[in-house]
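Q: Starting off with a structure, shown below.
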């Protein structure tokens with residue numbers, strides 16, 4: 295397994311730090327979810343781990359080696375990232391998109407191989423996209439498009455997968471579909487997955503490890519059942535809430551305070567029946 299960690303990492307846009315002196319280790323073979331308010335630096339941190347943003351200070355280590363010093367293709371064989379809202383060129387088919395995941399393995403001496411073909415077909419099967427292989431990506435539904443992009447990073451064959459808000463703009467059915475797919479990849483292949491999610495309840499359901507980012511640093515990290523508390527939600531999101539147990543999974547369930555319609559106890563019982 296490949297370990298991914300940051301040491302005393304500082305990230306900035308201009309002169310203003312977004313992340314300040316942050317040290318973090320992503321647990322191997324687990325699902326890690328970053329949570330925090332808008333603009334707290336979650337996506338910036340994820341992009342830096344994929345070597346898309348150069349640190350102002352500190353370092354990022356992949357398997358014990360400084361990621362900024364590693365050759366691009368070597369990094370791409372170990373770590374893949376799916377940014378938020380990726381856009382495929384017009385007319386590009388699903389197969390052509392997924393095929394791009396094999397580019398780190400191509401060079402002037404080694405062209406398309408049987409292994410490349412096998413990895414692309416496996417990725418299409420894992421994401422249930424084989425029947426859409428010849429369809430243009432821009433003709434698919436939101437959930438299908440997201441599965442096509444995930445198939446591309448699966449074809450890349452990396453042990454570490456980073457995803458920036460993979461459920462954004464998807465309806466609830468497709469959110470669960472994508473998160474179930476990632477959960478199965480972790481369960482069956484022990485892929486190390488780190489992602490940014492906005493929905494605290496889905497984050498708590500799927501994460502083995504949760505990292506709450508606040509004020510440029512890690513506010514808390516650990517199992518969701520240990521760190522998803524009313525105090526954490528108040529401090530990180532500025533919102534009052536109650537924390538209950540999810541009736542299906544037993545994971546923490548955040549119930550925000552605020553305005554809304556209330557129903558009587560007997561009506562509530564009927565809704566939950």
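Numbering (the working numbering), first residue to last: 295 to 567. Virtual Cβ for every residue (Gly too), placed ideally from N, Cα, C. Please read these numbers as outputs of a predicted model, since none were measured by experiment.
Do residue 311 and residue 510 count as a contact pair if the criterion is CB distance below 7 Å?
A: Cβ distance < 7 Å, so residue 510 and residue 311 count as in contact.
Q: When the Cα atoms are used, what is the spatial distance from residue 364 to residue 465?
A: Cα-Cα distance, rounded: 38 Å.
Q: If we count the other Cβ atoms within 10 Å of its Cβ and call it buried at 16 or more, is residue 461 buried or exposed?
A: Buried.
Q: Per the contact definition of three or more C-beta pairs closer than 8 Å, is the region 342-357 in contact with the region 522-535?
A: Because the criterion of three Cβ pairs below 8 Å is not met, the region 522-535 and the region 342-357 do not touch.
Q: So what does DSSP say about residue 503, is it helix, strand or coil?
A: Looking at residue 503 - three-state DSSP - the assignment turns out to be strand.
Q: In the DSSP assignment, find the alpha helix (DSSP H) that holds residue 531 and state where it starts and stops.
A: It spans 524-531 - the alpha helix (DSSP H) in which residue 531 sits, taken as one unbroken run.
Q: In the DSSP assignment, find the beta strand (DSSP E) that holds residue 314 and state where it starts and stops.
A: 310-320 is the extent of the beta strand (DSSP E) around residue 314.
Q: Let me check understanding here. Comparing Cα to Cα, which of 314, 485, 557 lies closest to residue 451?
A: Answer by Cα proximity: 485.
Q: What did DSSP end up calling residue 489 once you bin it into helix, strand or coil?
A: Of the three classes helix, strand and coil, the one that applies to residue 489 here is strand, per DSSP.
Q: Classify residue 406 as buried or exposed, calling it buried when 16 or more other Cβ atoms lie within 10 Å of its own Cβ.
A: Under this definition residue 406 is an exposed residue.
Q: So what does DSSP say about residue 551, is it helix, strand or coil?
A: In the structure shown, residue 551 sits in coil (DSSP, three-state: anything other than H, G, I, E or B).
Q: Is the separation between the beta-carbon of residue 304 and that of residue 318 shorter than 7 Å?
A: Going by C-beta atoms, residue 304 is not nearer than 7 Å to residue 318.
Q: How about residue 290 and residue 472: do their beta carbons lie closer than 7 Å?
A: Only positions 295 to 567 of the chain appear in this structure, which leaves residue 290 out of reach.
Q: For the 8 Å Cβ check, are there 3 or more pairs between the region 496-511 and the region 330-342?
A: Touching, per the Cβ criterion.
Q: From the DSSP output, which residues share a beta bridge with residue 303?
A: Residue 303 pairs with 316.
Q: If you follow the alpha helix (DSSP H) that residue 509 is part of, which residue opens it and which one closes it?
A: Here residue 509 belongs to no alpha helix (DSSP H), and DSSP marks it neither H nor E.
Q: Given residue 416, which residues of its chain have a CB within under 6 Å of its CB, disregarding the five upstream and five downstream residues?
A: Hits under 6 Å: none found.
Q: Please classify residue 453: does DSSP put it in a helix, a strand, or coil?
A: If DSSP states are grouped into helix, strand and coil, residue 453 belongs with coil.
Q: Check whether the Cβ atoms of residue 535 and residue 549 lie closer than 7 Å to each other.
A: For residue 535 and residue 549, yes; Cβs fall inside 7 Å.
Q: Leaving out the 5 sequence neighbours to the left and right, which residues in its chain are closer than 7 Å to residue 367 when beta-carbon positions are compared?
A: Once the five neighbours on either side are set aside, the close Cβ partners of residue 367 are 398.
Q: Using the C-alpha atoms, what's the distance from residue 414 back to residue 386?
A: Their backbone Cα atoms lie some 15 Å apart in a straight line.
Q: Ordered along the chain, which non-local residues of its own chain (more than five positions away) have a Cβ less than 6 Å from that of residue 533?
A: Answer for residue 533: 527, 550, listed in chain order.
Q: According to the Cβ coordinates, are residue 487 and residue 455 closer than 7 Å?
A: Cβ atoms of residue 487 and residue 455: closer than 7 Å.
Q: Alpha carbon to alpha carbon, what distance is there between residue 520 and residue 458?
A: Their backbone Cα atoms lie some 24 Å apart in a straight line.
Q: For residue 448 and residue 372, what's the separation of their Cα atoms in angstroms?
A: Approximately 11 Å, taken between the alpha carbons.
Q: Bridge partners of residue 471, per DSSP?
A: The partner list for residue 471 (beta bridge, DSSP) is empty, contrary to what the question assumes.
Q: CB residue 503 to CB residue 326, shorter than 7 Å?
A: Cβ atoms of residue 503 and residue 326: closer than 7 Å.
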